[in-house]
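*Asks:*
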Amino acid sequence: MSVPLSETSSALLDAYRRHPARAGVDELITDAGPRPHAEALAATIEAMGLGGLLAARAEASGLVEDEGITYGAAHSGVREPWLVDPLPLPLDAGEWAALERGLVQRAVLLDAVLTDLYSTRTLLRSGVLPPAAVLSHPGFIRPADHLDPAQRRQLVLTATDLGRNADGAWRVISDRTQAPAGAGYAMATRRIVSRVLAGLHRTSDLARLRGFFHAMTGALLDAAPGGSETPRVVLLSPGSGSEIAYDHGLLATMLGFPLAEADDLVVSRGRVWLRAGDDLEPVDVVLRRVDALLSDPLEFRGNSEVGLPGMIETARQRAVTVVNPVGAGVLDNPALIAHLQPVARALLGEDLLLDSPRTWWCGTPAELSHVLSGLDHLVVKPVARSGAAAVRYGWRLTAAEREELAARIREEPWAWCGQEPVQLSTAPVVTPSGLEPRRFVLRAFGAASADSYHFLPGGLGRVASAVGERTVSSAAGTLAKDVWVPAAATEKAEPERVRRRLAVAPRESAVPPRVARTLMTIGALAERAEGTARLVKVADDLAEDFGSRPGTTGAAASARLVDTVSRITSVERWYAESALGYLTRVALDPASSGGVHHSARRLAAEAQEVRDLMSVDIWSVFSRLERTLAARPADDEALQPLLADVLESLLAYSGIMAQSMVRDSSWAFLDAGSRLERARHTVSLLRHTLLDRPGDPGAELVADAVLRACESIITHRRRAAAGTGPATAAESVRPLLVHDAANPRSVAHQLAALASDLRLAGDEPLAGQAEALLAGLDAVADAAPADADARLGQLAAALTSLGQRIAARHFVRQASRRTAEATWSTPRQVG
267 MSVPLSETSS
277 ALLDAYRRHP
287 ARAGVDELIT
297 DAGPRPHAEA
307 LAATIEAMGL
317 GGLLAARAEA
327 SGLVEDEGIT
337 YGAAHSGVRE
347 PWLVDPLPLP
357 LDAGEWAALE
367 RGLVQRAVLL
377 DAVLTDLYST
387 RTLLRSGVLP
397 PAAVLSHPGF
407 IRPADHLDPA
417 QRRQLVLTAT
427 DLGRNADGAW
437 RVISDRTQAP
447 AGAGYAMATR
457 RIVSRVLAGL
467 HRTSDLARLR
477 GFFHAMTGAL
487 LDAAPGGSET
497 PRVVLLSPGS
507 GSEIAYDHGL
517 LATMLGFPLA
527 EADDLVVSRG
537 RVWLRAGDDL
547 EPVDVVLRRV
557 DALLSDPLEF
567 RGNSEVGLPG
577 MIETARQRAV
587 TVVNPVGAGV
597 LDNPALIAHL
607 QPVARALLGE
617 DLLLDSPRTW
627 WCGTPAELSH
637 VLSGLDHLVV
647 KPVARSGAAA
657 VRYGWRLTAA
667 EREELAARIR
677 EEPWAWCGQE
687 PVQLSTAPVV
697 TPSGLEPRRF
707 VLRAFGAASA
717 DSYHFLPGGL
727 GRVASAVGER
737 TVSSAAGTLA
747 KDVWVPAAAT
757 EKAEPERVRR
767 RLAVAPRESA
777 VPPRVARTLM
787 TIGALAERAE
797 GTARLVKVAD
807 DLAEDFGSRP
817 GTTGAAASAR
827 LVDTVSRITS
837 VERWYAESAL
847 GYLTRVALDP
857 ASSGGVHHSA
867 RRLAAEAQEV
877 RDLMSVDIWS
887 VFSRLERTLA
897 ARPADDEALQ
907 PLLADVLESL
917 LAYSGIMAQS
927 MVRDSSWAFL
937 DAGSRLERAR
947 HTVSLLRHTL
957 LDRPGDPGAE
967 LVADAVLRAC
977 ESIITHRRRA
987 AAGTGPATAA
997 ESVRPLLVHD
1007 AANPRSVAHQ
1017 LAALASDLRL
1027 AGDEPLAGQA
1037 EALLAGLDAV
1047 ADAAPADADA
1057 RLGQLAAALT
1067 SLGQRIAARH
1077 FVRQASRRTA
1087 EATWSTPRQV
1097 G
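Here it is in structure tokens:
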């Protein structure tokens, strides 16, 4: 429920203060007024009023769409946008400093616990931790036994979810150590909020987030096995199908390490290698974003398509470091929380600075009895996270549901914990009816440093999806909050060790076959969308001019061009469909394979596959392009300006990529796809327009249209006027579009650029074949009219064949990822 309020800003804050759902602890305001560290935010709220806040919310939503920030995927396969509330959440400097000390202590402790559980197991042998609470947990990975004792930190990365209790103190709700996710979303949320509240952001002396990613880079480089002066790190992702694919992509971009999938890697000769054509490049550190039980099909689930066979064995042999190690998931265990205080005394000789809610592990009779008798007021958690066993809030269950849950607990008591509920503080969220208080959870992220941990200032804030909702989870539709920490609370000189690490000249990233294929596909799709849009625009112009004049030369030329669109795009024209209606469908129907909208959507989807290589500026271009194509015009006459907007977006994309990508092998494959597609499109266009048919009265009109579609009409007219070229378009079209290397739209220009791209990719033989095709173009351009179609057909076949040879040479996927090394070490027994 939201309290009705007026549009005045004073009423906005007053109504929020009186809101019945506001908790005893609110992050913005108390009964006496705004918190001291939140006064600037409160003043901004008052100055903006509800109208200004709603405008900021709409702007934030638009920026999320423009940036392509998504989380999860709907059943249809369409990703849901990341939800951001425009109001940041400021934390007091002293409060954050104390919180950070507790987080560092906890990370050090969890690292010590992880080391102990996979080595001496002193905690289990002494009874400080009940063995059943650990050994029954699916996160305890037996093949990961005996971690590298030389490794400074086993737990390189960590994340902790926290909330405030009714007394205002922070409590640890859970630890996320298996593959801590969300740091990329925290950075994305900061970018959004800093733009929609630019004035407040500019005048607030905030701790910046980039230093954490520098520390994370240093931690990963430090984790490499000894002997590597310039370690190579890859981020192993399940791929773009992951619900947090955006987080993976942005994280790889921030760290500067390549985003890899299982097919990009191979285990051979006792090492992990990154595939690059026929070459293999050694990998020293794998930043794992694949679930532990899916990470290696030779050790765990044999049907895993996202794991790397043999990775665990190479880690055993100290040939690669997996971050976090596959056994780290044992720490994501609420049963551990129940015993962490005595563990801290045993390992660190000190009490925990950050407490957790009282937790009872049902694996002992006394604690089982306590949980069963208090089901109506406890939070009941499975010790292992899974969709089949979700967190239950006892007070929300019916008597029958509580009895069913009790039966499940009695059946497997070791698999359940009971926990006191954390009340959780509230934070304001902008809604159409005012500010609503929502339950708030903070996720803090840490990275190992030389002798401690470095934490992201503030972390990622999340608020519940509705008033009164206690579950704060991204999967439940929560909103993100940008958490602001004063610079004075965190600013420290960057450690010399990190500066030295970051100063090391990075290796050029290899281009695995999957990435090479994707980049070349992106280049081809962008060119296909642009070429088709230009052709449709010209055909639509002719159809508008001559559609009402059947039997004229212009009508015949228009019909031929519309037929050419059908042949090139393979979009079938329906019976009795008007030319203008058909061209509109080719341009705007996303289901018409070969059409403009279909190609544009595929382009954006393919770019998601290699997000770490894409400029951050292209996502707003893709968003604008999608909005343009989705806005079907009210009448056929509106197609021309719409196509002009489409071309503007596609040209913006081309310009951004041309000006932002280093001319390395990644650029080579991207550009090669564009060059090959443009050459094929031009040849196909020339063939299907039959420009050399003797005595054809529409030849000149069609030739003029083809030159316009290929952006060469101005060159023709200037040369004709100067007497340096043919006087007619029909005579000019083949020489200008086929072998004129000075024309950036000609086939000759594309083949010359393609040869350069292939050399840049290290493929001299295929570069030579592209040049051989280039040398034979004069015969095509100078062929007699009767031979022109045959010559163009041969050129089209040669271009197709060259594309197939590029694919066969550079895009070969691994036949099977389940290959075993000849020599395996004997797994150590877990005792």
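Following the numbering used here, the numbering of the sequence shown begins with 267 at its first residue and continues without gaps. Even for Gly, the Cβ is constructed at its ideal location relative to N, Cα and C.
Using a Cβ-Cβ cutoff of less than 8 Å, which residues in the same chain neighbour R953 once the five nearest sequence positions on both sides are dropped?
*Replies:* D1055, L1058, G1059 and A1062
*Asks:* Using the Cβ count rule (16 or more neighbours within 10 Å means buried), how would you classify A435?
*Replies:* exposed
*Asks:* Whole alpha helix (DSSP H) runs in the stretch 902–963 with 4 or more residues, listed along the chain?
*Replies:* 905–926 and 931–955
*Asks:* Note the first and the last residue of the continuous alpha helix (DSSP H) segment covering T798.
*Replies:* P779 to F812
*Asks:* Which residue wins for smallest C-alpha separation from T587, given the options D530, L502 and G568?
*Replies:* Among D530, L502 and G568, the Cα nearest to that of T587 is on L502.
*Asks:* Please report the Cβ distance between G515 and R877, rounded to the nearest whole angstrom; I am assuming they are in contact, meaning their Cβ atoms lie under 8 Å.
*Replies:* 3 Å
*Asks:* In whole angstroms, give me the CA-to-CA distance for P772 and G860.
*Replies:* With a pLDDT of 48 at P772, under the threshold of 50, the modelled position of this residue cannot be trusted; read the value that follows with caution. Put simply, the backbone Cα of P772 is about 40 Å away from that of G860.
*Asks:* What residues in its chain sit with their C-beta under 8 Å from that of R1079, if we drop five residues either side in the sequence?
*Replies:* These residues qualify, in order along the chain: D529, P779 and R780.
*Asks:* When DSSP builds the beta bridges, which residues end up paired with Y719?
*Replies:* A714
*Asks:* Quick one: give me the first and last residue of the beta strand (DSSP E) that G549 is part of.
*Replies:* A quick correction: the sequence has Val, not Gly, at residue 549. D545 to V549 is the span of the beta strand (DSSP E), which, as asked, contains V549.
*Asks:* Kindly indicate the opening and closing residues of the alpha helix (DSSP H) around A321.
*Replies:* E305 to E333
*Asks:* Taking 7 Å as the cut-off, does the CB of A1018 come closer than this to any heavy atom belonging to the ligand ATP?
*Replies:* This structure does not include the ligand ATP; it has no bound ligands of any sort.
*Asks:* Check each candidate in P703, D911, R1000 and R890 and name the one with the smallest Cα separation from Y282.
*Replies:* P703
*Asks:* Give the straight-line distance between the Cα atoms of P816 and E843, rounded to the nearest whole angstrom.
*Replies:* 16 Å
*Asks:* Look up Y451 in the DSSP assignment and give the residues it is bridged to.
*Replies:* Looking at the DSSP output, Y451 sits in no beta bridge, so it has no partner there.
*Asks:* Decide if G1097 is buried, meaning its Cβ has at least 16 other Cβ atoms within 10 Å, or exposed.
*Replies:* At G1097, the pLDDT of 36 sits below 50, so the modelled position is not reliable and the matter cannot be decided from this model.
*Asks:* With C-beta atoms as the reference, is V887 less than 8 Å away from S915?
*Replies:* yes
*Asks:* Anyone know if the C-beta pair for G338 and E346 falls short of 8 Å?
*Replies:* yes
*Asks:* By a C-beta neighbour count over all protein chains shown, 10 Å radius and 16 as the cutoff for buried, is N1009 buried or exposed?
*Replies:* The residue is buried, with at least 16 neighbouring Cβ atoms inside 10 Å.
*Asks:* Between the Cα of D433 and those of D598, G640 and P687, spot the shortest distance and give me the residue it belongs to.
*Replies:* P687
*Asks:* Helix, strand or coil for F706? Go by DSSP, reduced to three states.
*Replies:* strand
*Asks:* Using the C-alpha atoms, what's the distance from M314 back to G700?
*Replies:* 12 Å
*Asks:* Going by C-alpha distance, which of P623, Q420 and A526 is nearest E547?
*Replies:* A526
*Asks:* Between A1052, T955, V733 and S1067, which has its C-alpha nearest H285's C-alpha?
*Replies:* Comparing Cα positions, the closest option is V733.
*Asks:* Whether or not the stretch 536–552 and the stretch 596–607 are in contact is what I'm after, with contact meaning three or more pairs of Cβ atoms, one per stretch, closer than 8 Å; do they touch?
*Replies:* No, the stretch 596–607 is not in contact with the stretch 536–552.
*Asks:* With burial defined as no fewer than 16 other Cβ atoms inside 10 Å of the residue's Cβ, what is the status of S635: buried or exposed?
*Replies:* exposed
*Asks:* Can you check the stretch 633–711 for any alpha helix (DSSP H) of at least 4 residues that lies completely inside it and give the ranges in chain order?
*Replies:* 665–677
*Asks:* How would you label P302, buried or exposed, when you count the other beta carbons within 10 angstroms and need 16 or more for buried?
*Replies:* Taking all protein chains in view, the Cβ of P302 is surrounded by fewer than 16 other Cβ atoms within 10 Å, so the residue is classified as exposed.
*Asks:* Find the nearest neighbour of R929 within the set W661, L879 and H947, judged by alpha-carbon distance.
*Replies:* L879
*Asks:* Within this structure, are the beta carbons of Y512 and T336 separated by less than 8 Å?
*Replies:* yes
*Asks:* For A1036, which of A1021, P397, A825 and A845 has the nearest alpha-carbon?
*Replies:* If we check each option's Cα against that of A1036, A1021 comes out closest.
*Asks:* Ignoring anything shorter than 4 residues, give me the alpha helix (DSSP H) runs that lie fully in the stretch 376–454, in order along the chain.
*Replies:* 388–392 and 397–401
*Asks:* Contact defined as beta carbons within less than 8 Å: I believe H403 pairs with V649. What is the distance between those atoms, to the nearest angstrom?
*Replies:* Under the criterion of beta carbons closer than 8 Å, H403 and V649 qualify as touching, at roughly 6 Å.
*Asks:* Quick one: complete beta strand (DSSP E) runs, 3+ long, within the stretch 525–581?
*Replies:* 531–534, 537–542, 545–549 and 551–554
*Asks:* Check for me: the alpha helix (DSSP H) holding V972 runs from which residue to which?
*Replies:* A965 to A975
*Asks:* Could you give the C-beta distance for L967 and A825, rounded to a whole number, given that I count them as a contact under 8 Å?
*Replies:* Actually they do not touch by this definition, with Cβ atoms about 11 Å apart.
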